[in-house]
């Protein structure tokens, strides 16, 4: 995993309680910023894009 570039949301304001996302070719990887050596979730790009679109539409509320 050291060969990918991990990014946090600009809305995290530099905080450490975030998820990080990496996008190597043909994949989206997500991990906990507090546990960088921990498990990584892998998604295909299309389902990930659908998930983000759904979030932005407000489908998930607290």
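Numbering (this note's numbering), first residue to last: -7 to 54. We put the CB at the ideal spot given by N, CA and C, even for glycine.
Inset, instruction - Buried or exposed for residue 3, please, with buried defined as at least 16 other CB atoms from any protein chain shown within 10 angstroms of its CB. - result: exposed
Inset, instruction - Give the straight-line distance between the Cα atoms of residue 41 and residue 8, rounded to the nearest whole angstrom. - result: 24 Å
Legend entry - Among 11, 24 and 20, the one whose alpha carbon lies nearest that of residue 56: There is simply no residue 56 to check, as the chain begins at -7 and stops at 54 in what is shown.
Inset, instruction - Give the straight-line distance between the Cα atoms of residue 46 and residue 38, rounded to the nearest whole angstrom. - result: 12 Å
Legend entry - Which listed residue (1, 51, 12 and 5) has its alpha carbon closest to that of residue 27: 12
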